[in-house]
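Residue numbers (my numbering): 898 to 1061.
Okay, structure coming up:
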């Protein structure tokens, strides 16, 4: 619904799920969206316009505040271990389970790829981290949502919920 929960002060670089402290950040969307070859026809199963705009506004605000921010990756791109701790991706020959599903094509195409285009954030490998690449499913342009004239700089109704 476009609500942003502020859980960590931007002055504190926390260890992200991908291990990108001081190189990147983690942003989580509260949803469980499909990651199928074709986008669902039911709008209730798609990322909302409010959520897209809020995600873009959040990334732009964080990027403006933390000038060291250079990279944006879908979680599965940098995943190095399965939930049971076994190594995956890279040259292990074991596929990483989140490569196609985290964050899912609706979020990646409409928010992550937008940040690459508009803010020139990078998806290239980061020195000490493996790069499983961005899967074909994750980058599926069929998930692109046409927002028309709307963009995150002109729509200011996203609510920010502080951590207290």
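Glycine is no exception: its CB is placed at the ideal position from the N, C-alpha and C atoms.
Shortest alpha-carbon distance to residue i belongs to which of the options?
| i | options | result |
| --- | --- | --- |
| residue 993 | 1041, 901 and 1032 | 1032 |
| residue 936 | 1035, 925 and 1044 | 1035 |
| residue 932 | 926, 943 and 925 | 943 |
| residue 927 | 968, 1044 and 947 | 947 |
| residue 1000 | 971, 939 and 949 | 971 |
Just to confirm, is the Cβ distance from residue i to residue j under 8 Å?
| i | j | result |
| --- | --- | --- |
| residue 1006 | residue 1038 | yes |
| residue 901 | residue 955 | yes |
| residue 1019 | residue 968 | yes |
Given this structure, state the Cα-to-Cα distance separating residue i from residue j, to the nearest angstrom.
| i | j | result |
| --- | --- | --- |
| residue 1008 | residue 930 | 14 Å |
| residue 988 | residue 953 | 33 Å |
| residue 1040 | residue 985 | 27 Å |
| residue 934 | residue 962 | 36 Å |
| residue 939 | residue 990 | 36 Å |
| residue 978 | residue 1002 | 21 Å |
| residue 1021 | residue 957 | 19 Å |
| residue 1010 | residue 945 | 16 Å |
| residue 983 | residue 1030 | 19 Å |
| residue 941 | residue 980 | 29 Å |
| residue 1060 | residue 951 | Since pLDDT at residue 1060 reaches only 44, below the 50 mark, its modelled position is unreliable, and the value read off the structure follows with that caveat. The straight-line gap from Cα to Cα measures roughly 17 Å. |
Could you tell me how far apart the beta carbons of residue i and residue j are, in whole angstroms, since I believe they sit closer than 8 Å?
| i | j | result |
| --- | --- | --- |
| residue 1016 | residue 960 | 5 Å |
| residue 924 | residue 1042 | About 18 Å separates the two Cβ atoms, so there is no contact after all. |
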